[in-house]
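Residue numbering for the sequence shown follows my numbering, starting at 5 and increasing by one per position.
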Amino acid sequence: MKTKLYLLFFFVFPLFMSACRGDDPIPDPPVDGKRTVLVYMAADNSINPLASFTDGDLEELKAGMASIDNTSDMHLLVYIDTGFPRLIEIENKGGTVVETIVKEYEDRNSCGVAETQEVFNDVFGNSLYKAESYGLIYWSHGEGWIPTPLPSTRWIGNDKTGGGHYMNIEDLKLVLQNAPHFDFIMFDACFMQSVEVAYELRDCCDYYIGFPAENPGPGAAYDRMFPFIFQKGAAVEMAIGTFAAYDEIYTGKIGSNSNWTMGTAIDVLKSSELENLAAATANALSGVTADREVLRSSVFDYDQRKVGSSYYVGYYDFVEMMEKLVVDEVALDEWKQAYDAASVCWKKTPMIYSMSVGMFSMKRANGVSHYIPSTATSAAAQAANAAYRSTLWYSAVGLARLGW
């Protein structure tokens, strides 16, 4: 499932100018804060009418800010597009949480590169929000892979403006390369904890937080991620907080959007370990042969949508895939050490919910997905496979050796 400031600057600037005449004191320049976080809600899609998830998450963000005594050196910006795009800042002013509209935008495609870049510039390019460290949460629909004959099949973000648009991972990376380095990037969206996407964005953040399967309708528990959202190197605590909110009410039975008793699963990857993981994977797979269809039918799949349907992709458990491929126990053990160094937090309830099959077991799940190319000859399957071969992960690991 589940994305504003420059206008305020223009409103306030003339007042500063009028106060600088004669002997009036000149205002001090902005002082760098400790942390600026942007929550980017690309919600102009099917998520918005489902259950007012955006409103619920905004209330959680406000509750989180209310729990912090002093937020003077912390900035929380939320870009939200539910059909009326706007950038807001949420502040705790003396115990009162205040929501301020920083900038309003015309109706737009919030998954477009230019539009996303504009918002990033309005936040990270403004001296008022310059900080020692930064965080980013991207909130929307998500797919690591969609097997359709498109130029690119990896995407995050869905906007229905003008018929429907998607933010490809390559495009998001272009935006991120012009942004400051992030302490964490979190995707509050389905199927985004894939090693391919994390590796693609490894230079953009220190920690990568995501859900490997369908995440709960209400999404991340934002109020439970405070104060860690403003603390450097606290991505693990953020993940534990949002997991605990669901684990505490977990029953293993179907509840509702307002009472999500169906659990969740969340993982954190440490970006600095991903190149070592790629090297370890390449080494472990040296000389390995693989029957892709056998793998696809035997490895745990986070994607519970019907195989063969237009929506099905296949997000296979990385660890179980390697366990089935690598017969050399020493090589597998060395690989697992590299994997454990990269996956620094993995939390799951015994079962979670899928819109397709209801509750299903997570016993075999280990937190990170890996694509296994299809042997189907359809145009959609071939397009997905071709796009997969263009990923940095594919090249780094040398998956061509497996005939993938």
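Note that beta-carbon positions come from the ideal geometry of N, C-alpha and C, so glycine has one too.
Sequence-distant partners of R112 (beyond 5 residues in either direction) whose C-beta falls short of 6 Å from its own C-beta, in its chain, are P89 and E119. Assigned with DSSP and collapsed to three states, L42 falls in strand. Less than 8 Å separates the beta-carbon of S373 from that of P216. When only Cα atoms are considered, I253 and S358 end up about 18 Å apart. Within its own chain, the residues whose Cβ lies closer than 8 Å to the Cβ of K66, once the five positions on either side in sequence are excluded, are I94, V101 and E103, listed in chain order. A direct Cα-to-Cα measurement between I376 and L132 gives close to 45 Å. Restricting attention to K257, E324, D227 and Y315, the CA atom closest to the CA of A384 is found in Y315. Beta-bridge partners assigned by DSSP to V82: V43 and I92. Linking K134 to T40 through their CA atoms gives a straight-line distance of about 7 Å. Of the other Cβ atoms in all chains shown, fewer than 16 fall within 10 Å of the Cβ of T381; this residue is therefore exposed.
Residue environment for G371: buried (at least 16 other C-beta atoms within 10 angstroms of its C-beta). Beyond the five residues adjoining it in sequence on each side, V292 comes within less than 7 Å, by CB distance, of L329, V330 and L406 in the same chain, given in chain order.
A distance below 7 Å between beta-carbons, with the five flanking residues on each side excluded, links G259 to the following residues of its chain, in chain order: T265 and M266. Looking at the DSSP output, I173 shares a beta bridge with no other residue. Boundaries for M355: no alpha helix (DSSP H) harbours it, while the beta strand (DSSP E) harbouring it runs M355 to S358, taken from the DSSP string. With a 10 Å radius around the Cβ and a threshold of 16 neighbouring Cβ atoms, D73 comes out exposed.
Rounded to the nearest angstrom, the Cβ distance from W350 to A284 is 18 Å, too far for a contact under 8 Å. Annotated three-state conformation of L403 is helix, per DSSP. According to the DSSP assignment, G362 belongs to the beta strand (DSSP E) that extends over G362 to S365. When the beta-carbon positions are compared, Y142 and Y83 stay at least 8 Å from each other. In this structure, Y212 lies near S275, with their beta-carbon atoms less than 8 Å apart. Between the alpha carbons of G87 and V123 lies a gap of roughly 16 Å. With a beta-carbon spacing of about 7 Å, C209 and D187 fall inside the 8 Å limit used to define contacts. The three-state secondary structure of S71, taken from DSSP, is coil. The closest CA to that of L396, considering only L42, L140, T75 and D207, is found on D207. Cβ contact annotation for M363 (same chain, cutoff 8 Å, sequence separation greater than five): G256, K257, I258, M266, M355, I356 and Y357, in chain order. Annotation for W143: the continuous beta strand (DSSP E) segment containing it runs A135 to W143. The C-beta of D332 has fewer than 16 other C-beta atoms within 10 Å across all chains shown, which makes the residue exposed.
Under the three-state reduction of DSSP, V240 is assigned to helix.
With a contact defined as Cβ atoms closer than 8 Å, R368 and F304 qualify at about 4 Å.
In summary, T379 is exposed, with fewer than 16 beta-carbon neighbours lying within 10 Å of its beta-carbon over all protein chains present. Across the set Y320, A342 and L81, the C-alpha of A342 shows the shortest separation from the C-alpha of A282.
Counting only unbroken stretches of 4 or more residues, the alpha helix (DSSP H) elements lying wholly within the stretch 301-358 are 322-329 and 333-346, in sequence order.
In the structure shown, the three-state DSSP call for D210 is strand.
About 18 Å separates the beta carbons of E277 and A335, which is beyond the 8 Å limit, so they are not a contact pair. For V298, the secondary structure class from DSSP, reduced to helix, strand or coil, is helix.
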